[in-house]
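Per our numbering, the sequence shown starts with residue -2, numbered consecutively.
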Amino acid sequence: MTTARRIVIDTDPGLGEPGSDIDDGLAIALALRSPELRVEALTVVNGNVDVDAGVDVARRLTDRMGVPGLPVLRGADRPLLRDMAPVRALFDDVLTDRPARTDPADRLGPTEPRHAAQYLVDITAAHPGEISVVAIGPMTNLALALRLDPRFADNVAEIVMMAGSATGYAQNITVVGDFNAYVDPEALAMVLESGARLRMVGIDQTSQVRLTRADADRMLGGDDFGQWAGTCARAWIDFLAQAFPQREEHRDACFLHDPLVVAAVIDPDLLTWADAHVATDPASELARGLVIADRGLALAPPAPANATVAIATDTDGFGRLFLERVTQAPATG
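Structure, rendered in C-alpha cells:
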C-alpha cells in the first residue's frame, strides 16, 4: 500500500457562499478526498480575499467536509512590499457582492495561534523531506518562512506552485502577469531563488481545464458537498458570464486553476513536465508578475534549471479525476 503524501496547502480561499470564487476551495476539497494525500494543515495568505476572510472560509469549508479539526493558520495579511489596494479594487465586485452568511463563526472554535510562516518552518524542520507545500495563492507565506529560517528550502520536500506560464504570456491580471505572481512578485522571486525543489503549474495549463455548466449540474447529483459545490459553481459561472461578456471562455464555464495544481501532486502523469530556469523581475513595473521559464529553446543558453514546469495537460484525465473525487458522482462522456 502506497503511503499518502503529506502536504500543507497554502491558499487564499474564497469558496464560502454562492457567488464567490471557487477554485481554491475545490482544490482543497480535491486534496481532502484523495487517499494519495494527507493534508496536514491549511495556511492562509492574503490574495483572492483578505487573510481574515480566507481563514473564515477555510474553517467553514473544513467543517462542511467533516474535518473541523484540521489546522487552519493565519498568515500574511499583505504582500512583502506592495500595496494591495489597487489589486483589490479590480476585484471588488467579485469579492464583496456575496450573500451574508448566517451560520455563526464562533461554533467552529479557535484557530491555530501560530503564524502560518512559523508553522511551515516548524513542520518541515520536524519532518525534513517529508512535507510538501502546495502553494495556490501568492507566495508571501513561503517567503516569510524563508526569512524566518533559510533552511526551510532544504527541509521542505517540494513546493508545487500555481504561478507563471511556461509556454506563453499569462493573459490574466495583466498580459504578462498571473494573479499570484502579480500580487507579490518579491515573494515569488525569493521562492524561485531559494534552492527549494520546485514544480510550477502555470496559468497556461490551468486555463485549459474548466468546469462547465453541465459539469456543475452533474455535481448537483453527488453527495451533500458536491451539491453545495455545484450550487456555488453555477453561481460563479453566472457571475463570470455577466461580468466578462467579451471573454468566450467565461460564457458557460469557469477555470479550475488550483485544482489542477493539486491533481499534479496526486498524479504527476496528468501533466507533461520539463526542466527550466524560472525567474521573475520584481523591479520591473511594466513586466510585473512576468515569470520567465527558460527551457533552453532560445539561442542563448539558459541558466541552470531550478524548477520543473508543466508544458502540457491531460485535460480529460483531470476532468474525470476531479468530478469523481470532489462530487462523488462519476463523470459522463
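The C-beta atom is built at its ideal place from N, Cα and C for all residues, glycine as well.
According to DSSP, what are the bridge partners of residue i?
i, result
"D291", "H274"
"M159", "V198"
"S129", "I4 and E155"
"A250", "T209"
"L283", "L283 pairs with nothing; no bridge assigned."
"R85", "Its beta-bridge partners do not exist; DSSP assigns none."
"A38", "V5"
"E109", "L70"
Assuming residue i contacts residue j (C-beta within less than 8 Å), just tell me the rounded distance between them.
i, j, result
"I6", "I25", "6 Å"
"V48", "G72", "6 Å"
"M331", "A140", "Absent from the model: residue 331. The displayed extent of the chain is -2 to 330, so no value can be given."
"I156", "V130", "5 Å"
"R310", "L267", "Here residue 310 is Thr; the residue named in the question, Arg, does not match the sequence. Confirmed, about 7 Å."
"V306", "G199", "7 Å"
"N138", "A123", "18 Å between Cβ atoms; not a contact."
"T269", "A178", "About 22 Å; that fails the 8 Å criterion."
"D291", "H274", "5 Å"
"L185", "A226", "At roughly 29 Å, the Cβ-Cβ gap does not stay under 8 Å, so L185 and A226 are not in contact."
For residue i, name the three-state secondary structure that DSSP assigns.
i, result
"T269", "strand"
"L67", "coil"
"I263", "helix"
"I308", "strand"
"G316", "helix"
"V258", "helix"
"L117", "helix"
"L143", "helix"
"R340", "Past the edges of the chain, shown from -2 to 330, lies residue 340, and the structure says nothing about it."
"N303", "coil"
"T331", "The structure shown has nothing for residue 331, since the chain only spans -2 to 330."
"T137", "helix"
"A26", "helix"
"V46", "coil"
"A297", "coil"
"R148", "coil"
"T99", "Confidence is the limiting factor: at T99 the pLDDT is only 45, short of 50, which leaves the residue's position unreliable, though a coordinate-based value still follows. Correct three-state label for T99: coil."
"D53", "helix"
"D21", "helix"
Roughly how many angstroms separate the alpha carbons of residue i and residue j, rounded to a whole number?
i, j, result
"L67", "L283", "41 Å"
"P265", "D235", "32 Å"
"R61", "E109", "18 Å"
"E183", "G192", "16 Å"
"A50", "G11", "8 Å"
"Y116", "L78", "22 Å"
"G223", "T324", "4 Å"
"C251", "A280", "32 Å"
"F176", "A211", "27 Å"
"T0", "E33", "7 Å"
"V41", "A261", "21 Å"
"V206", "R231", "16 Å"
"D94", "V54", "In this prediction, D94 scores a pLDDT of 49, lower than 50, which makes its location untrustworthy; the coordinate-derived value is nonetheless stated afterwards. About 15 Å."
"P299", "E190", "15 Å"
"A213", "D249", "10 Å"
"P135", "I128", "19 Å"
"M216", "L195", "33 Å"
"P96", "L287", "Any reading at P96 is ruled out, since the residue's pLDDT is 47, under 50, leaving its predicted position unreliable."
"Y166", "D201", "8 Å"
"L29", "L208", "19 Å"
"L39", "P76", "19 Å"
"F241", "V64", "36 Å"
"A163", "I289", "7 Å"
"R244", "I308", "24 Å"
"T8", "W233", "19 Å"
"A86", "N43", "14 Å"
"L296", "D272", "17 Å"
"V118", "F149", "6 Å"
"L320", "D220", "12 Å"
"T203", "E37", "24 Å"
"V335", "A132", "Missing from the structure shown is residue 335; the chain here goes from -2 to 330 and no further."
"R35", "G314", "22 Å"
"L145", "H112", "11 Å"
"N45", "T228", "20 Å"
"D151", "L143", "10 Å"
"L58", "V52", "10 Å"
At 4 residues or longer, what runs of the alpha helix (DSSP H) sit wholly inside the stretch 162 to 246? 176 to 180, 182 to 189, 200 to 203, 210 to 216 and 221 to 240
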